[in-house]
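Participant: Residue numbers (the working numbering): 9 to 206.
Here you go, one structure.
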Amino acid sequence: MQQAFDAALAALYQTFATAAALREFALLPDKPRFVPLQVQANPVAQLMGACALLPGPESAALFAAARMLAPFGNWRSSYTEEQVGRHFLDNFAYVELVGPEGHFESPEMSAYLLYMGPNMHYRRHWHEAEELYYIIAGEAEFQVDGEAPALLGAGDSRLHMSNQPHQTWTRDSAVVCLVLWRGEGVGEGVEMEAAPNA
Ligand SMILES: [Fe+2]
Numbered sequence: 009m010q011q012a013f014d015a016a017l018a019a020l021y022q023t024f025a026t027a028a029a030l031r032e033f034a035l036l037p038d039k040p041r042f043v044p045l046q047v048q049a050n051p052v053a054q055l056m057g058a059c060a061l062l063p064g065p066e067s068a069a070l071f072a073a074a075r076m077l078a079p080f081g082n083w084r085s086s087y088t089e090e091q092v093g094r095h096f097l098d099n100f101a102y103v104e105l106v107g108p109e110g111h112f113e114s115p116e117m118s119a120y121l122l123y124m125g126p127n128m129h130y131r132r133h134w135h136e137a138e139e140l141y142y143i144i145a146g147e148a149e150f151q152v153d154g155e156a157p158a159l160l161g162a163g164d165s166r167l168h169m170s171n172q173p174h175q176t177w178t179r180d181s182a183v184v185c186l187v188l189w190r191g192e193g194v195g196e197g198v199e200m201e202a203a204p205n206a
């Protein structure tokens, strides 16, 4: 089981070595300590494990590692059923591979593997930590306040500044992303706009 985590960490280092946007955003900790976490059951583990999207050449290793890791990862989200509904919780989750509560310990930055199913809207939200999305496979539209949405695919990345509201839509494809956090607010929560009918 730890093999899957070690392979995912190795793939993460490899992706940092090939994708300048990642290295420019944050440094990965050197040999972080593996933390045996109590893993919660989550339907996204199965969706990620069976995910048949085509990754980009730079993200193929991380995509394969994410699939291998899927059954053992601590899939979760920051949201409640009351906030986002059952469908969202069953089709959106992330594993904190590295970070304050991650499978590998780091107080200073987080690296999440995130899965979001097709035809979903990840509502407008914000957080203190700065964030970089890097698309591993699939595609999604990303929007920050005041700008037009941008459709991103494998190998593309997107920066969100501290407390800058942003939202994401998927079309008929799921999306698998690497999400990095840095700075103040690492390890802290996310604020989300209320649903229109709430
Ligand atoms: Fe975010």
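Backbone N, C-alpha and C define an ideal beta-carbon position, used for all residues, glycine too.
My output table needs one value for L61: the three-state DSSP class, helix, strand or coil.
Facilitator: Here L61 sits in coil by DSSP.
Participant: Tell me the DSSP bridge mates of R190?
Facilitator: M117, E138.
Participant: What residues in its chain sit with their C-beta under 6 Å from that of L61, if we drop five residues either side in the sequence?
Facilitator: Result list for L61: A145, G146, in chain order.
Participant: Is the segment 25-41 touching the segment 114-123, taking contact as three or more C-beta pairs under 8 Å?
Facilitator: At 8 Å Cβ cutoff, the stretches touch.
Participant: Hey, is E139 close to ligand 1, as in C-beta under 6 Å from one of its heavy atoms?
Facilitator: Checking the Cβ of E139 against ligand 1 gives yes.
Participant: Just tell me which of A148, E139, Y141, G81 has its CA closest to the CA of N127.
Facilitator: N127 has its Cα closest to that of A148, out of A148, E139, Y141, G81.
Participant: Please classify A197 as buried or exposed, where buried requires at least 16 other C-beta atoms within 10 Å of its C-beta.
Facilitator: As written in the sequence, residue 197 is Gly, which differs from the Ala given in the question. Exposed: under 16 other Cβ atoms inside 10 Å.
Participant: So T176 is in the beta strand (DSSP E); what residue range does that whole segment cover?
Facilitator: 174-177 is the extent of the beta strand (DSSP E) around T176.
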